[in-house]
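Its first residue numbered 8, the sequence shown is counted upward by one per residue in this note's numbering. Heads up, the beta-carbon is just placed ideally off N, CA and C, and yes, glycines get one too. Remember, it's a predicted structure, so these values are computed and weren't measured experimentally. Read the structure below first, then the notes.
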Amino acid sequence: TDLTGKTVIINLEAGYGDNIIQARFATEVWRRGGKCVLCCDRTVHSLFMRIPGVDHCITLREVQSTPHDFWIPGFSCSWIFGHTVETIPNEPYIFAKPESVEIWKQIVKGDKPKIGIRWSGNPQFEHQQFRIFPPEKMINLYKNNDHIQFYSLQRDSDLRELPDQVSDLQHLLISWEDTAACIENLDLVISSCTSIAHLAAAMGKPTWVIVPILPYHVWAYGDKHSPWYEDSTLVFRQKKFSKWDDVFEEVALKISQDFPKK
Numbered sequence: 008t009d010l011t012g013k014t015v016i017i018n019l020e021a022g023y024g025d026n027i028i029q030a031r032f033a034t035e036v037w038r039r040g041g042k043c044v045l046c047c048d049r050t051v052h053s054l055f056m057r058i059p060g061v062d063h064c065i066t067l068r069e070v071q072s073t074p075h076d077f078w079i080p081g082f083s084c085s086w087i088f089g090h091t092v093e094t095i096p097n098e099p100y101i102f103a104k105p106e107s108v109e110i111w112k113q114i115v116k117g118d119k120p121k122i123g124i125r126w127s128g129n130p131q132f133e134h135q136q137f138r139i140f141p142p143e144k145m146i147n148l149y150k151n152n153d154h155i156q157f158y159s160l161q162r163d164s165d166l167r168e169l170p171d172q173v174s175d176l177q178h179l180l181i182s183w184e185d186t187a188a189c190i191e192n193l194d195l196v197i198s199s200c201t202s203i204a205h206l207a208a209a210m211g212k213p214t215w216v217i218v219p220i221l222p223y224h225v226w227a228y229g230d231k232h233s234p235w236y237e238d239s240t241l242v243f244r245q246k247k248f249s250k251w252d253d254v255f256e257e258v259a260l261k262i263s264q265d266f267p268k269k
């Protein structure tokens, strides 16, 4: 569909992770000649303004006062633009602010490989009961890996006392710009199904995602990868409900293979 001269509002729905998933479709509007306006929470406006094709961002209260030709619910974008699982655009589309990246180079520094971890997301998410696991299983990945520096990206909820080998960044991750700049300086992000997993993958950062036996839709297709982030994700799937030991054994083995001791 030719959108030349048309303004399209994409209303990003649900939580931050879903907002990140859906924001990629601004580029679809732009490639069709249109002007895309993203409707989302103000806290992500500056981050989303760097997505190719985004003209500007608004909040829900500003929709009626924003001239537009079309309005699309975020969850409907993939089929409205004619995509199947095989054709979903999955190249990196979110980029950290360069000056913030430079600042975070002074925080996340050193010669060791740098791995960020996030063990849980929004406790109000309706899928939460399936995706949670004992945080210690992820925190304890530092064991036998003293050649790697681990950083906790957990903030707001489910906070834990961390060993010295895991740097706690909760008080420094003030905004989404901080989080993106931090991630840009890491070598790898390991996360449960959270907005952090989506952000890191959307940035093209190597991202390992721990998903439950009943996965969220973006992780449901494919085996080791997600068609939504084909080049940046590696998916570790739970095989038996409530059992996570074998999943983290796989993760630990993969760490030893990708980040061997010298």
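Whole angstroms are fine: how far does the CA of residue j sit from the CA of residue i?
{"i": "Ile181", "j": "Ala188", "result": "11 Å"}
{"i": "Asn152", "j": "Val196", "result": "16 Å"}
{"i": "Pro170", "j": "Thr240", "result": "27 Å"}
{"i": "Ile16", "j": "Thr50", "result": "18 Å"}
{"i": "Leu176", "j": "Phe77", "result": "41 Å"}
{"i": "Lys268", "j": "Gly81", "result": "44 Å"}
{"i": "Ile95", "j": "Asp265", "result": "28 Å"}
{"i": "Asp25", "j": "Asp118", "result": "34 Å"}
{"i": "Trp215", "j": "Phe243", "result": "7 Å"}
{"i": "Pro142", "j": "Pro222", "result": "18 Å"}
{"i": "Ile262", "j": "Lys212", "result": "16 Å"}
{"i": "Glu256", "j": "Leu45", "result": "40 Å"}
{"i": "Tyr27", "j": "Gln172", "result": "Strictly speaking, residue 27 in this sequence is Ile, with Tyr absent from that position. Spanning the two alpha carbons is a distance of roughly 30 Å."}
{"i": "Ile101", "j": "Leu206", "result": "8 Å"}
{"i": "Ile79", "j": "Thr66", "result": "14 Å"}
{"i": "Phe88", "j": "Leu148", "result": "41 Å"}
{"i": "Met56", "j": "Trp226", "result": "26 Å"}
{"i": "Glu69", "j": "Gly12", "result": "21 Å"}
{"i": "Lys231", "j": "His90", "result": "21 Å"}
{"i": "Thr1", "j": "His178", "result": "Because residue 1 is not part of the residues shown, which for the chain are 8 to 269, the question remains open."}
{"i": "Glu6", "j": "Arg31", "result": "Residue 6 cannot be examined here, being either before or after the span of the chain that is shown, 8 to 269."}
{"i": "Ile114", "j": "Asp163", "result": "20 Å"}
{"i": "Lys150", "j": "Ala33", "result": "42 Å"}
{"i": "Ser249", "j": "Cys64", "result": "40 Å"}
{"i": "Gln71", "j": "Pro105", "result": "34 Å"}
{"i": "Asp165", "j": "Ser174", "result": "16 Å"}
{"i": "Val3", "j": "Cys47", "result": "Outside the modelled stretch of the chain, which goes from 8 to 269, sits residue 3, for which no answer is possible."}
Which residue comes first and which comes last in the beta strand (DSSP E) that contains residue i?
{"i": "Ser199", "result": "Leu195 to Ser199"}
{"i": "Asp165", "result": "That residue, Asp165, is in no beta strand (DSSP E); it is neither H nor E in DSSP."}
{"i": "Val173", "result": "Val173 to Asp175"}
{"i": "Thr14", "result": "Thr14 to Asn18"}
Please report the Cβ distance between residue i and residue j, rounded to the nearest whole angstrom; I am assuming they are in contact, meaning their Cβ atoms lie under 8 Å.
{"i": "His52", "j": "Thr14", "result": "Rounded, the Cβ-Cβ distance is 17 Å, inconsistent with contact."}
{"i": "Cys43", "j": "Gly60", "result": "5 Å"}
{"i": "Ile146", "j": "Arg167", "result": "7 Å"}
{"i": "Met210", "j": "Pro99", "result": "6 Å"}
From which residue to which residue does the alpha helix (DSSP H) around residue i run?
{"i": "Cys189", "result": "Trp183 to Glu191"}
{"i": "Gly24", "result": "Tyr23 to Ala30"}
Give every residue of the same chain whose Cβ lies closer than 8 Å to the Cβ of residue i, excluding the five residues on either side of it in the sequence, and list them in chain order.
{"i": "Lys246", "result": "Ile220, Asp253 and Val254"}
{"i": "Thr8", "result": "Arg39"}
{"i": "Gln29", "result": "Ile17, Leu19, Glu20, Gly81, Phe82 and Cys84"}
{"i": "His154", "result": "Lys119, Pro120, Phe266, Lys268 and Lys269"}
{"i": "Ile139", "result": "Ser127 and Ser199"}
Less than 6 Å between C-beta atoms, sequence neighbours within five positions excluded: which residues of the same chain meet that for residue i?
{"i": "Arg125", "result": "Leu160, Gln161, Ser198, Thr201 and Ile203"}
{"i": "Ser107", "result": "Glu184 and Ala188"}
{"i": "Ala103", "result": "Ala187, Ala188 and Glu191"}
{"i": "Tyr23", "result": "Ser202"}
{"i": "Tyr236", "result": "Asn97 and Ala208"}
{"i": "Gly123", "result": "Tyr158, Leu160, Leu193 and Val196"}
Please go through the same chain and pick out, in chain order, the residues whose beta-carbon is closer than 7 Å to the beta-carbon of residue i, but skip the five residues on each side of it.
{"i": "Leu10", "result": "Val36, Arg39, Gly40 and Gly41"}
{"i": "Leu54", "result": "Ile101, Trp183, Glu184 and Ala187"}
{"i": "Val92", "result": "Tyr228 and Pro234"}
{"i": "Lys144", "result": "Trp251 and Phe255"}
{"i": "Asp62", "result": "Lys42, Cys43 and Val44"}
Threshold first: 4 residues or longer. Then list the alpha helix (DSSP H) segments lying entirely within the stretch 199-251, N to C. 202-209 and 224-227
Exercise. Identify every run of the alpha helix (DSSP H) within the stretch 33-86, keeping only runs that are complete inside it and at least 4 residues long; order them along the chain.
Key: 33-38 and 52-55
inquiry  = Threshold first: 4 residues or longer. Then list the alpha helix (DSSP H) segments lying entirely within the stretch 85-158, N to C.
reply    = 105-112, 135-138 and 142-146
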